[in-house]
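Comments concern the structure below.
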Amino acid sequence: MKKFIVLATAIVSATAIAGTSVFAAGKYTAQDLKDLSTAILGQTEVKPEQDVDGDGEVDVFDMIAMRKTFLGTGNFAENTVNVSADNVKYIGRNIYDENNIAWLVQSGSAIEFTVTGKSAEITINGDGFIESEEKYRPRYAVLVDGEIILDELLSVEKKTVELFSGTESKTATVKVIHLSEANNGAVGVSNIKVNSDVPVPVAPTAKKDLQIEFIGDSITCAYGVEGKDQYEGFMTSTENFMKSYAYLTAKQLDADYSAVCYSGHGIISGYSNTGDRETESLVPDYYDYVGKIGDYKVPWDFESNEKDVVVINLGTNDDTYVTKDLETRGEEFAEEYVKFLDQIHEKNPSAYIICTLGTMGCTELYPYIEQAVDDFRKESGYDRIMCYQSATHTQSDGMGSDWHPSEKTQQNSAYVLADKICQALGMESDQIGIDVASDAVYSLKKAENAMVSDYFSDWDKSYHITTVTGGDSKDSVQAVVSGIGMRQNGKYRLSFQIETADGMVIPFCIRNSKTGEVIFEDEFTGAGTKSPYEIEFTDKISDCDAEIVFSAGGEDSSRLSLYELKLVKIA
């Protein structure tokens, strides 16, 4: 019999008559409630079991009936709930064993759930890596309502962690997350004990609309992100996936994520001190598995874990082998990269693939990634793929252990990747953290009576103007930085360095390139050396294609050099 669907507008109004229907006894989860809601709204197919009250129709009264099963009875009792897919949401690659333990294997692998009661606790389990030297043991964190209540290296086979306690019942969202990497063991989670009066005290959080997978090496693992400096060696205590560009990108886009990342690994060679090929550390060899080590090397269920986007950030370790004979080995790298793209596409047939490299340099390999992407497109006919070169980290942004990216670099990388994903999927990007002037065009505008030459350096993105005759006014010679997309009410940080004569005044403005309407204006006074400028402002005008104009005319025999210009959207 065809089910009748009540209009969505009835859902809210009908909640006031929650006592009017009689329903069959049943145990429902938060996911069941969500599925019923989407069915009533006509967003998903109706299922026979969603007729909760047994009246032959799936409508708002079934929603009311199901909600009643979640109400407290006032009779509190201790409940022990297994960590399983029925009760928690799995994030990332994990294994559920015969002892009812969920092992969080990869960087960032986690469980997440809501729990209702007066008190709650969870059991944490360790594997053989708890016997490792302390600084190499697995690191994990427990979060309650977004606040970290525990962050430690796992050193015992089993322990109980209190999530909360009190005299009144509450509902909290809990996450247990593996912060270190799969190379150093896994984190196990098992029983959830709760003192509750509701029939379903533990329920999985909702699945996000966007699903992203990150494939990488130590950069993705957030190796040394909390290290004191570049001279400090590896420790799991300074590896924190929640500060990885991968986690931060997913957070910014409100996405679920999965990571497959191993320090020192590559496409055709792992990290090599000698320049010889290292074949024991190749990500393609282990991509099809949950993990690489021991019992964790079991096939991953791709069909049940479909991704919308797959991000590949590999090549940094290959560079130690490939660059010893770039012309020959570069082609080899590109060929193997194409094979890996085929492997990824086979397992994720509808995912958009994004390839990147450059955070720790190694940019000489990037053209070979571009080549591999082009070859893959031609051979497969699949066009949902792109690549971009990541900005290389700088000393000014700080360095993590063993010259790895700092927290600031990881965050900047996340801003850029989130924007790239939005572009790829046709989503609107908030552009937060993006330098909207990064691809701007530098040009010279001069009056007829001005004699001027200019030069743009691709190497450091600097722009130089040498004036012989400066014309009649400041506007007679202008450096124009164009092709900048800006948004109304966006807050921006403008920064640059100018080198010009001591005391020379350089008026400048940001304006709508079509209408000339001024968004922001100020002036800079030269100091005879390279000098910095930085300010924050809000674009109160409109969404527009903007340009930055520096006026340097009116003076003969002068020189202006512009360095490190950035216009970053900060809110």
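Per my numbering, residue 304 is the first one in the sequence shown, and the count goes up by one each step. Where is the CB? At the ideal position from N, CA and C, for every residue including glycine. Note that the structure is a prediction, hence the values are computed from the model and not measured.
Answer with buried or exposed for residue i, where buried requires no fewer than 16 other C-beta atoms within 10 angstroms of its C-beta.
i	result
Lys-872	buried
Ile-398	buried
Val-325	Model confidence at Val-325 stands at a pLDDT of 30, short of 50, so the residue's coordinates are unreliable; what they give is reported in the following sentence. Exposed, by the Cβ-count rule.
Val-744	exposed
Ala-327	In this prediction, Ala-327 has a pLDDT of 34, which is less than 50 and means its spatial position is unreliable; nothing more can be read from the coordinates.
Leu-344	exposed
Asp-775	exposed
Gln-646	exposed
Leu-865	buried
Leu-374	exposed
Gly-876	This structure does not reach residue 876, given that the chain is present from 304 up to 874, and the question cannot be answered.
Glu-471	exposed
Asn-576	exposed
Asp-389	exposed
Ala-782	buried
Thr-818	exposed
Gly-357	exposed
Tyr-758	exposed
Just confirm the distance between the C-beta atoms of residue i and residue j, as a whole number of angstroms; I'd bet it's less than 8 Å.
i	j	result
Pro-504	Val-384	7 Å
Ala-753	Val-780	5 Å
Lys-650	Tyr-691	Going by Cβ atoms, the distance from Lys-650 to Tyr-691 rounds to 23 Å, so no, they are not a contact pair.
Val-497	Val-477	That belief does not hold up - the Cβ atoms of Val-497 and Val-477 are roughly 10 Å apart, past 8 Å.
Val-614	Leu-668	With 8 Å as the limit, Val-614 and Leu-668 do not qualify as a contact, their Cβ atoms being about 17 Å apart.
Ala-525	Val-408	Contact doesn't hold; Cβ gap of about 16 Å is too wide.
Phe-517	Ala-549	4 Å
Ile-480	Gly-411	6 Å
Ile-813	Ala-849	6 Å
With distances taken Cα to Cα, identify the nearest neighbour of residue i among the options.
i	options	result
Phe-811	Met-789, Asp-430, Ile-570, Lys-777	Lys-777
Asn-402	Lys-392, Ser-387, Val-349	Ser-387
Asp-276	Gly-578, Asp-598, Asp-579, Pro-602	Because the chain spans 304 through 874 in this model, residue 276 falls outside it and cannot be assessed.
Val-612	Met-730, Lys-869, Ser-693	Met-730
Glu-824	Ser-458, Ala-342, Lys-843, Ala-830	Lys-843
Asp-559	Asp-621, Thr-818, Gln-514	Gln-514
Lys-610	Ser-861, Asp-362, Ile-394, Ala-342	Ile-394
Lys-833	Ala-342, Thr-803, His-696	Thr-803
Ala-874	Glu-826, Ser-756, Ser-798, Ile-737	Ile-737
Ile-427	Tyr-443, Ala-782, Lys-438	Tyr-443
Tyr-534	Val-784, Ala-740, Ile-787, Gly-701	Gly-701
Gly-806	Tyr-795, Asp-761, Phe-636, Arg-862	Arg-862
Glu-826	Pro-835, Met-538, Thr-818	Pro-835
Tyr-574	Asn-543, Gln-353, Leu-617	Leu-617
Asn-382	Pro-652, Asp-500, Ile-451, Ala-368	Asp-500
Ala-423	Cys-665, Asp-598, Ser-732, Ile-495	Ile-495
Asp-686	His-648, Glu-710, Leu-660, Asp-532	His-648
Ser-760	Leu-868, Ser-816, Glu-542, Asn-543	Leu-868
First and last residue of the alpha helix (DSSP H) that includes residue i?
i	result
Ser-861	Segment 861-872 is the beta strand (DSSP E) holding Ser-861; no alpha helix (DSSP H) there.
Lys-642	629-650
Val-676	669-683
Cys-564	Segment 558-564 is the beta strand (DSSP E) holding Cys-564; no alpha helix (DSSP H) there.
Lys-723	710-728
Ile-522	521-524
Val-755	Counting along the chain, Val-755 falls outside any alpha helix (DSSP H), though it belongs to the beta strand (DSSP E) covering 753-760.
Asp-598	Here Asp-598 belongs to no alpha helix (DSSP H), and DSSP marks it neither H nor E.
Thr-623	622-625
Look up residue i in the DSSP assignment and give the residues it is bridged to.
i	result
Ile-394	Ala-413
Lys-473	Gly-420
Gln-781	Lys-748, Ser-854
Trp-406	Ile-398, Gly-491
Ala-506	Thr-417
Asp-825	Phe-811
Arg-442	Leu-456
Gly-569	Leu-585
Tyr-592	Pro-602
Leu-513	Ala-558
Lys-462	Ile-427
How far does the beta strand (DSSP E) with residue i in it reach, from first residue to last?
i	result
Cys-690	688-692
Asp-267	This structure gives no information on residue 267, because the portion of the chain shown stretches from 304 to 874.
Asn-498	490-499
Glu-380	Per the sequence presented here, residue 380 reads as Ala, with Glu not at that position. Looking at the DSSP string, the run of the beta strand (DSSP E) that includes Ala-380 is 380-384.
Glu-839	834-841
Asn-616	612-616
Thr-769	765-773
Leu-660	655-660
Ala-553	Premise fails: Ala-553 lies in the alpha helix (DSSP H), 548-555, not in any beta strand (DSSP E).
Tyr-795	794-802
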